[in-house]
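Asker: Protein chains in written order, with full-length UniProt numbering: chain R, 1 to 445; chain L, 1 to 445.
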């Protein structure tokens, strides 16, 4: 709050200073996201590990603790490792985030995720003692995974570079889709192993399939070439058809028909393979994210050096014989320069700075436009989550039912889901905002 | 990009660390906006000064440099002072902004504004030599003022605290409305002093009146009590009725009727008073902004200290006899705590951190919801500006005509202006995006 902190600041700020500062600011942001990439990667790995642990735990509890103990122990050990890598990535970025003024929500959500993870030993103890039910354990894992994915979601919110933001939007949606896939695996396992799907279980399956599809649709819109290729390979895999047939059984077999219990293992195996393939897509996005950050960083540093040289040469224009270099990055229109040709030689320097300023302004405007679609995809997701929480609280219904109700409203009105969600939220003050606020805090438990 | 920068970071990041970091991050952001307040104030003062200079310059040139020379010299001197205060405020905040990773657009727009200001001496010289026409001078002042207001607009974009963002949204819209008022003063002066309004001049008057009204509507939605009171006083002032009557003359008197030229001075005087009153509203918002920042800053520091004490006491729970203090800021629901009562004494610490984490998550979510309306108001404004530029380029029409066309489209379709603007922008790829991009850079000259 005092101005003494930067004694090297000159009293007169110039256009050139701020042109350079704008570039430096972009560079710092890119450095920040290079570090952030490691965090996103560690979250993806930990989520995948916890999904495996959830699967192994359900099998273990489902078998009355008779089977899968060794496989589960192995997963637990691997996850210890993944959790500590996650905590290290966090420790590395903590101060960086605290200095990053828009990170307050991200930091808050990290605290939430860490708090969940702190309960992991206790949850495992209860599983070992069989004092936790399959439902208890599943709920806990779902909640923790949701909180971890939220960290990536919040990280994506803070990106200002369109191509990088797009990759994080793709990442969040694959993560979310894969998590729905994991929940579908658990739901299907419960049905197939008990030999039947009651209507609640069938509806849950349908909801999870639809929710996955919506996530993957958004992913496809923001995916880069390689991850899109992996996605198409996954879709074309014969396994998909098998899964589809088993899904049909799950949603069409009612309370009074029974299924071969041997299907449970097969289902679990198919869905596990599918999730592993989805993880490969995540890894491909992560790698593209890293490369894109490095590429943009190198590019930004080069442009900055270039601009600094140019501006220095403009300041030294004491020798009028030196031709002034007019460099316009991003292909600035030569006609802009021509239009000023009548102003005389004395205006040369003014013109070049003018061109640089214009080019930067235009570039920033274009970036903000490109960023818009990524921001909208995130905002769509956020508003839908809020609307679901509102419906859950207001009508006292489950998450699944709230999703279904939202879909029905959209279908009836011929509108997109986010539109209906937005309309609902705008009426939240009328239909009980306070209740919704309360639920939004406890509803995710 | 290396992790050695913060050797004091412990390897294991805890939920409590991140809870504290989230608060610290908010505090830094508030400090940043305390500094930003000074910049906003200096922009407001400089814009007001340049509006006065534009008025004085037009009168001076309009009188064939016979009158108003002394008044103009006085304004020029005052503006030298205001411009250097603006540059000082910029120099003070420059490093702060460069560290603030979302500031790249703001810094770019500051460079643009400074570059305009650098041309001020040259423009004044041309006025003194009478080598600049009234239209040249007016265009230059309008462009410079527009660029200065854009700085405040971009600053408003970076705020994460809803009540502070709301005040900046109110500020930007008063500034914009006041500038339209200034342009109306110039347009009216041109008409009244020439004794007639042709249809182009009348249409321009109508456009400027409508544009003002739209700005003030948004201002009213975000204004705090005091500025709203000042606004109502302004609206109830007898001057408003006089201005309204003169506006009627301006839009209804055609090419072949003539007006008393003495009206010009009266019009100029009335509009100047009105602008001075609008400046008082700006000052009132600025003062509220400052107080709100200080208030929120003090509050945030107190909460942080409180949480640090609490978390320290939770960590020292070696003595089980010490009662654990459960503090839930923002009125966390006591039932949340009760719901955990069955978990045994060993869970006390876990519970309290849980409450703090939940309270922070909920608070952040609520803040993001409240922030939404401020962000939307800014986004509405941005998209309308873009749509106007698109229409100007695509149909090769003036700014006024583009505004009128946009209004007509909205009226015909029974939609709000931002909706029509959004629909237009979504079609920009079809109707010539590149051309629009080019125009967006040169169209503001």
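Quick reminder that beta carbons are idealized off the backbone N, C-alpha and C, glycines included.
Is residue 19(L) close to chain R? Criterion is C-beta to C-beta, closer than 7 Å.
Answerer: Translated into positions along the second chain, residue 19(L) becomes position 19. So yes, residue 19(L) belongs to the interface.
Asker: Rounding to the nearest angstrom, what Cα-Cα distance links residue 264(L) and residue 62(L) in this structure?
Answerer: Position 264 of the second chain, counted from the start, is the residue given in the question as residue 264(L). Position 62 of the second chain, counted from the start, is the residue given in the question as residue 62(L). The alpha-carbon atoms of residue 264(L) and residue 62(L) are separated by roughly 11 Å.
Asker: Have a look at 175(R), 58(R), 277(R) and flag the residue whose alpha-carbon is nearest the alpha-carbon of residue 42(R).
Answerer: In the first chain, the residue the question calls residue 42(R) occupies position 42. Of the listed residues, the one whose Cα sits closest to residue 42(R) is 175(R).
Asker: Could you check what DSSP says for residue 67(R) in three-state terms: helix, strand or coil?
Answerer: Your numbering for residue 67(R) matches position 67 in the first chain. Residue state, collapsed to three classes: coil.
Asker: Taking Cβ-Cβ distances shorter than 7 Å, what residues in chain R pair up with residue 357(L)?
Answerer: Against the second chain, residue 357(L) aligns to sequence position 357. In chain order: 111, 112, 115.
Asker: When you check each C-beta in the UniProt domain "ANTAR" (364 to 425) of chain R against every C-beta of chain L, which residues fall closer than 7 Å?
Answerer: Those residues of the UniProt domain "ANTAR" (364 to 425) of chain R that come within reach of chain L (Cβ to Cβ, closer than 7 Å) are 364, 365, 366, 368.
Asker: May I have a chain-ordered list of the alpha helix (DSSP H) segments no shorter than 4 residues that lie completely inside the UniProt domain "ANTAR" (364 to 425) of chain L?
Answerer: Whole alpha helix (DSSP H) segments, 4+ residues: 399 to 413.
Asker: Assign residue 112(R) to one of two classes, buried (16 or more other C-beta atoms within 10 Å of its C-beta) or exposed (fewer than that).
Answerer: On the first chain, residue 112(R) is found 112 positions in, with the first residue counted as 1. It is buried - the Cβ of residue 112(R) has at least 16 other Cβ atoms within 10 Å.
Asker: May I have the straight-line CA-CA distance separating residue 331(R) from residue 117(R), to the nearest angstrom?
Answerer: As a working note, residue 331(R) is residue 331 in the first chain. As a working note, residue 117(R) is residue 117 in the first chain. Note on residue 331(R): pLDDT 37, under 50, position unreliable in the model; no value is reported.
Asker: Whose C-beta lies closer than 6 Å to the C-beta of residue 109(R) among residues of the same chain, with five residues either side of it excluded?
Answerer: Walking along the first chain from the start, residue 109(R) turns up at place 109. The residues are 150, 151, 154.
Asker: Within 7 Å of any Cβ in chain L, is that where the Cβ of residue 218(R) sits?
Answerer: Translated into positions along the first chain, residue 218(R) becomes position 218. For residue 218(R), the answer is no, since every Cβ of chain L falls outside 7 Å of its Cβ.
Asker: Give the range of the alpha helix (DSSP H) segment to which residue 452(L) is assigned.
Answerer: Lying before the first or after the last residue shown, residue 452(L) is absent from chain L, which here runs from 1 to 445.
Asker: Any heavy atom of the ligand ADP inside 6 Å of the beta-carbon of residue 358(R)?
Answerer: In the structure shown, the ligand ADP is absent, as is every other ligand, since no ligand is present at all.
Asker: Can you tell me where the alpha helix (DSSP H) holding residue 109(L) begins and where it ends?
Answerer: Taking the second chain and counting its residues from 1, the one referred to as residue 109(L) is at position 109. First-last of the alpha helix (DSSP H) with residue 109(L): 104 to 118.
Asker: Within 10 Å of its beta-carbon, does residue 202(L) have 16 or more other beta-carbons around it, so buried, or fewer, so exposed?
Answerer: Along the second chain, one-based indexing puts residue 202(L) at 202. By the 10 Å Cβ count, residue 202(L) comes out buried.
Asker: Of all Cβ atoms in chain R, is any one closer than 7 Å to the Cβ of residue 103(L)?
Answerer: For the purposes of this step, residue 103(L) is taken as residue 103 along the second chain, with counting starting at 1. Residue 103(L) counts as touching chain R.
Asker: Quick one: does residue 26(R) have its CB under 7 Å from some CB of chain L?
Answerer: Here residue 26(R) refers to the residue found at position 26 of the first chain. Output row for residue 26(R): interface = yes.
Asker: Apart from the five residues on each side of it in sequence, which residues of its chain come closer than 8 Å, Cβ to Cβ, to residue 294(L)?
Answerer: The residue you call residue 294(L) lines up with position 294 of the second chain. Counting only Cβ-Cβ distances below 8 Å, and skipping sequence neighbours, we find 34.
Asker: Check whether chain R comes within 7 Å of residue 108(L), counting only Cβ atoms and requiring the distance to be less than that.
Answerer: Taking the second chain and counting its residues from 1, one reaches residue 108(L) at position 108. Yes, its Cβ sits closer than 7 Å to a Cβ of chain R.
Asker: State yes or no: is the beta carbon of residue 330(L) nearer than 7 Å to at least one beta carbon in chain R?
Answerer: As a first step, residue 330(L) is located in the second chain; it is residue number 330 there, counting from the start. At residue 330(L), the pLDDT of 38 sits below 50, so the modelled position is not reliable; the number obtained from the coordinates is stated separately. Output row for residue 330(L): interface = no.
Asker: Please compile the residues from chain L whose C-beta is within a distance smaller than 7 Å of the C-beta of residue 90(R).
Answerer: Residue mapping note: residue 90(R) aligns to position 90 of the first chain, counting from 1. Result: 13.
Asker: Is the shortest distance between the beta-carbon of residue 436(R) and the beta-carbons of chain L less than 7 Å?
Answerer: Stepping through the first chain from its first residue, residue 436(R) is reached at position 436. Residue placement at residue 436(R) cannot be trusted, given a pLDDT of 38 that sits under 50; the coordinates are not used to answer.
Asker: For chain L, check one thing: does any of its Cβ atoms lie closer than 7 Å to the Cβ of residue 41(R)?
Answerer: Here residue 41(R) refers to the residue found at position 41 of the first chain. So, not an interface residue.
Asker: Under the three-state reduction of DSSP, which class applies to residue 196(R): helix, strand or coil?
Answerer: Position 196 of the first chain, counted from the start, is the residue given in the question as residue 196(R). Residue 196(R): coil per DSSP, three-state reduction.
Asker: For residue 130(L), which three-state DSSP category applies?
Answerer: Position 130 of the second chain holds residue 130(L). DSSP places residue 130(L) in coil when its eight states are reduced to three.
Asker: If you draw a straight line from the C-alpha of residue 44(L) to the C-alpha of residue 252(L), how long is it?
Answerer: Taking the first residue of the second chain as 1, we reach residue 44(L) at position 44. Taking the first residue of the second chain as 1, we reach residue 252(L) at position 252. So the alpha carbons of these two residues sit roughly 34 Å apart.
Asker: Starting from the beta carbon of residue 97(R), find every residue of chain L whose beta carbon is closer than 8 Å, and list them in chain order.
Answerer: For this step, residue 97(R) is matched to residue 97 along the first chain. Simply 21, 25.
Asker: Count the other CB atoms, across all protein chains shown, that sit within 10 Å of the CB of residue 73(R); report buried if there are 16 or more and exposed otherwise.
Answerer: Position 73 of the first chain holds residue 73(R). Residue 73(R) should be labelled exposed.
Asker: Helix, strand or coil: which one does DSSP assign to residue 221(R)?
Answerer: Working through the first chain from its first residue, we reach residue 221(R) at position 221. Note: residue 221(R) maps to helix in three-state DSSP.
Asker: Does DSSP put residue 260(L) in a helix, in a strand, or in coil?
Answerer: What you label residue 260(L) is simply residue 260 of the second chain in a count that begins at 1. Coil at residue 260(L), not helix or strand.
Asker: Counting only the same chain and skipping the five closest in sequence on each side, list residues whose C-beta sits under 6 Å from that of residue 336(R).
Answerer: Here residue 336(R) refers to the residue found at position 336 when the first chain is read from its first residue. Confidence at residue 336(R) is low in this model, with a pLDDT of 37, below 50, so the placement of that residue is unreliable and no value is reported for it.
Asker: Which first and last residues belong to the alpha helix (DSSP H) in which residue 57(L) is found?
Answerer: What you label residue 57(L) is simply residue 57 of the second chain in a count that begins at 1. Start and end: 15 to 62.
Asker: Output, in chain order, the set of chain R residues within a Cβ distance shorter than 8 Å of residue 45(L).
Answerer: Within the second chain, residue 45(L) is the residue found at index 45, counting from 1. Under the 8 Å cutoff, chain R gives no residues; its nearest Cβ is about 16 Å from residue 45(L).
Asker: Taking 7 Å as the CB-CB limit, is residue 56(L) close to chain R?
Answerer: Residue mapping note: residue 56(L) aligns to position 56 of the second chain, counting from 1. Chain R, which has no Cβ nearer than 7 Å to the Cβ of residue 56(L), makes this no.
Asker: Taking 7 Å as the CB-CB cut-off, is residue 78(L) touching chain R?
Answerer: Locating residue 78(L) in the second chain gives position 78, where the first residue counts as 1. For residue 78(L), the answer is no, since every Cβ of chain R falls outside 7 Å of its Cβ.
Asker: Which residues of chain R have a Cβ atom closer than 7 Å to the Cβ of residue 353(L), listed in chain order?
Answerer: Here residue 353(L) is taken as the residue at index 353 of the second chain, counted from 1. Near residue 353(L) (Cβ distances below 7 Å), the residues of chain R are 115.
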